[in-house]
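Enquirer: Just add 41 to wherever you are in the sequence shown, counting from 1, and you've got our numbering.
For every residue, glycine included, the Cβ atom is placed at its ideal position computed from N, Cα and C.
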Amino acid sequence: MTTPWSRRLTASFFAALATTVVAYAATVLAFFLVDSASSLSLQTLLPLAENFALPALVLLIIAFIAGLIDAFASWWGALLAGLVGGLLGAAAGGLSIAHGDVVKILDQVVAFYFLFIVAAAVTGALLGRRVWRAWIGRPATKGRVAFVRIPSAKLADGIVTNQPRVLVDRDAADKQWDDYVSALTGAGWQIVEVAAADNQPDAVFVEDAAVVLSPSVAVLTRPGAEARRAEVAAVGDRLRENGFTLYELEAPGTLDGGDVLVVGNTVYVGRSGRTDADGIRQLREVVAMAGLDLTVVAVPVSAGLHLKSSASALPDGTVLISGELEPGVFGRALRVPAGESANVVALDERTVLVPASAPGTADLVADLGYTVVKVDLSEFEKLEGSASCLSIRS
Numbered sequence: 042m043t044t045p046w047s048r049r050l051t052a053s054f055f056a057a058l059a060t061t062v063v064a065y066a067a068t069v070l071a072f073f074l075v076d077s078a079s080s081l082s083l084q085t086l087l088p089l090a091e092n093f094a095l096p097a098l099v100l101l102i103i104a105f106i107a108g109l110i111d112a113f114a115s116w117w118g119a120l121l122a123g124l125v126g127g128l129l130g131a132a133a134g135g136l137s138i139a140h141g142d143v144v145k146i147l148d149q150v151v152a153f154y155f156l157f158i159v160a161a162a163v164t165g166a167l168l169g170r171r172v173w174r175a176w177i178g179r180p181a182t183k184g185r186v187a188f189v190r191i192p193s194a195k196l197a198d199g200i201v202t203n204q205p206r207v208l209v210d211r212d213a214a215d216k217q218w219d220d221y222v223s224a225l226t227g228a229g230w231q232i233v234e235v236a237a238a239d240n241q242p243d244a245v246f247v248e249d250a251a252v253v254l255s256p257s258v259a260v261l262t263r264p265g266a267e268a269r270r271a272e273v274a275a276v277g278d279r280l281r282e283n284g285f286t287l288y289e290l291e292a293p294g295t296l297d298g299g300d301v302l303v304v305g306n307t308v309y310v311g312r313s314g315r316t317d318a319d320g321i322r323q324l325r326e327v328v329a330m331a332g333l334d335l336t337v338v339a340v341p342v343s344a345g346l347h348l349k350s351s352a353s354a355l356p357d358g359t360v361l362i363s364g365e366l367e368p369g370v371f372g373r374a375l376r377v378p379a380g381e382s383a384n385v386v387a388l389d390e391r392t393v394l395v396p397a398s399a400p401g402t403a404d405l406v407a408d409l410g411y412t413v414v415k416v417d418l419s420e421f422e423k424l425e426g427s428a429s430c431l432s433i434r435s
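Here's what the structure looks like:
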């Protein structure tokens, strides 16, 4: 996992502060309440507050360091961070009182600071972890952002697997890409361009390099085509710059972003020629490690390049399908007219981008009450590309 340092520092600071303040206040208040002879006054509270000031400072430092190394990512890590911080804080407090006498220091830790240690451990596990995860999980970007990559000068050399190679018109492709980006910006999307890569013909199909699982978490894939693996690093750089916490797939597993369709709380993953069983297994592990409320469902893909070559989702969660995909795999599904593309892009809750080559699909979507934006993507379709391939949307 790679979390931007600005996000990590902020999350760690607030988690440490919350843990320390609550543990400190709870301990001081508990000592005040058990002293039945005391009255509610500054004269009573100030000495207690001073006795726990140094332990609280040590706890703050230890908890902050723990946040930086992701200890708050799990409850047991947070519990351990609070316990260690409480113990070291108590030791520091005992040292200040006992002036170096080891026996007296231990006596102070066990007798006087024991409640502080317990409060630090419990608060770290229950509150510190919650605060840390809330900050780590904040949306990486404000509003809707689409990551795109300008077509390579070698676009015509892109990989073609399931259809005959047809000559690509580079000038026409550039115009179509501009029209596609204009459709996104026209619908209110912020555009972030990934650095151009003229030596990577398929880099324009940026969706295959990463999968956005939540507003703050993304997965860098390991494409099934070895020649495309060099595309991932630059995409990761841009996602990281924009605040995403990143997870990476490891060899030998393979996963293409074009095989991942997120619909609500379900992540459909195509088991295709580009995505293997180990890639799907690793994606499940990422979902669990990130603590996301998502269910990963594997879908066999027997025809076409990717799952999204034959499936995409409308704004209401209805999945459009084509080819040999079975509707029963998805919660709600509609089959598009035979021979037409089922790959569309939801621009907003009311508007859907549909490739101009699929008039029947466009009519179907329009008949469901959506505004349809048609964009000619014929040059990219020659390379088995589709509408969703040309952007990573978050």
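(1) Starting from residue 221 and walking both ways along the alpha helix (DSSP H), at which residues does that stretch end?
(2) Alpha carbons only, please: which of 48, 195, 208, 159 is nearest the one belonging to residue 182?
(3) Can you name, in chain order, every residue of its own chain whose Cβ lies under 8 Å from the Cβ of residue 194, other than the five neighbours on each side?
(4) Based on DSSP bridge pairs, tell me the residues matched to residue 415.
(5) Look at the alpha carbon of residue 329 and the alpha carbon of residue 246, and state the distance between them as a whole number of angstroms.
(6) Who are the Cβ neighbours of residue 418 in its own chain at under 8 Å, not counting the five residues just before and after it?
(7) Quick check on DSSP: helix, strand or coil for residue 309?
(8) Given a cut-off of 7 Å on the beta-carbon distance, is the pair residue 281 and residue 230 in contact?
(9) For residue 366, which residues from the same chain have a beta carbon less than 7 Å from its beta carbon, with the 5 sequence-adjacent residues on both sides left out?
(10) Is residue 295 near residue 263, with beta carbons less than 7 Å apart?
(11) Excluding the five sequence neighbours on either side, which residues of its own chain have a C-beta within less than 7 Å of the C-beta of residue 13, listed in chain order?
(12) Write down every uninterrupted run of the beta strand (DSSP E) in the region 255 to 312 whose length is 3 residues or greater and which is fully enclosed by it, in chain order.
(13) Thinking just about the alpha-carbon of each residue, which of 68, 251, 45 is nearest to the one in residue 90?
(14) Using only the alpha-carbon positions, how far apart do residue 94 and residue 100 sit?
(15) Residues in its own chain within less than 6 Å of residue 341 by CB, not counting five upstream and five downstream?
(16) What are the partner residues of residue 21, as DSSP defines its beta bridges?
(17) Go to residue 164, then tell me how far its alpha helix (DSSP H) extends in each direction, as first and last residue.
(18) Determine the DSSP secondary structure at residue 204, reduced to helix, strand or coil.
(19) Using only CA atoms, which one of 299, 266, 123, 261 lies nearest to residue 285?
(20) Exposed or buried, which one is residue 373 when buried takes at least 16 other CB atoms within 10 Å?
(21) Who pairs with residue 352 in a beta bridge, going by DSSP?
Expert: On the basis of the supplied data:
(1) The residue given as residue 221 occupies position 180 in the sequence shown. From DSSP, the alpha helix (DSSP H) with residue 221 extends over 211 to 227.
(2) Residue mapping note: residue 182 aligns to position 141 of the sequence shown, counting from 1. Of the candidates 48, 195, 208, 159, the one whose C-alpha sits nearest the C-alpha of residue 182 is 48.
(3) Here residue 194 refers to the residue found at position 153 when the sequence shown is read from its first residue. 211, 239, listed in sequence order.
(4) Counted from its first residue, the sequence shown places residue 415 at position 374. In DSSP, residue 415 forms a bridge with 395.
(5) For the purposes of this step, residue 329 is taken as residue 288 along the sequence shown, with counting starting at 1. For the purposes of this step, residue 246 is taken as residue 205 along the sequence shown, with counting starting at 1. Going by the C-alpha atoms only, they are around 28 Å apart.
(6) As a working note, residue 418 is residue 377 in the sequence shown. Once the five neighbours on either side are set aside, the close Cβ partners of residue 418 are 217, 221, 396, 397, 398, 426, 427, 428, 431.
(7) As a working note, residue 309 is residue 268 in the sequence shown. Residue 309: strand per DSSP, three-state reduction.
(8) Within the sequence shown, the letter at position 240 stands for residue 281. Within the sequence shown, the letter at position 189 stands for residue 230. Not closer than 7 Å, so no.
(9) Here the question's residue 366 lines up with position 325 in the sequence shown. Within the same chain, residue 366 has close Cβ partners 351, 352.
(10) Here residue 295 refers to the residue found at position 254 of the sequence shown. Here residue 263 refers to the residue found at position 222 of the sequence shown. For residue 295 and residue 263, yes; Cβs fall inside 7 Å.
(11) Shown here, the chain extends from 42 to 435; a query on residue 13 therefore has no answer.
(12) 258 to 261, 286 to 289, 301 to 304, 307 to 312
(13) Residue numbering aside, residue 90 sits at position 49 when the sequence shown is read from its first letter. For residue 90, the nearest C-alpha among the options comes from 68.
(14) The count along the sequence shown starts at 1 and reaches residue 94 at position 53. The count along the sequence shown starts at 1 and reaches residue 100 at position 59. Distance between the alpha carbons of residue 94 and residue 100 is about 10 Å.
(15) Numbered from its first residue, the sequence shown carries residue 341 at position 300. Result list for residue 341: 312, in chain order.
(16) Outside the shown range of the chain, which is 42 to 435, sits residue 21, and nothing can be said about it.
(17) In the sequence shown, residue 164 corresponds to position 123, counting from 1. Element bounds for residue 164: 155 to 164.
(18) Here residue 204 is taken as the residue at index 163 of the sequence shown, counted from 1. It is coil, neither helix nor strand.
(19) Position 244 of the sequence shown, counted from the start, is the residue given in the question as residue 285. That would be 261, whose Cα lies nearest to the Cα of residue 285.
(20) Position 332 of the sequence shown, counted from the first residue, corresponds to residue 373. Residue 373 should be labelled exposed.
(21) Mapped onto the sequence shown, residue 352 falls at position 311. 362.
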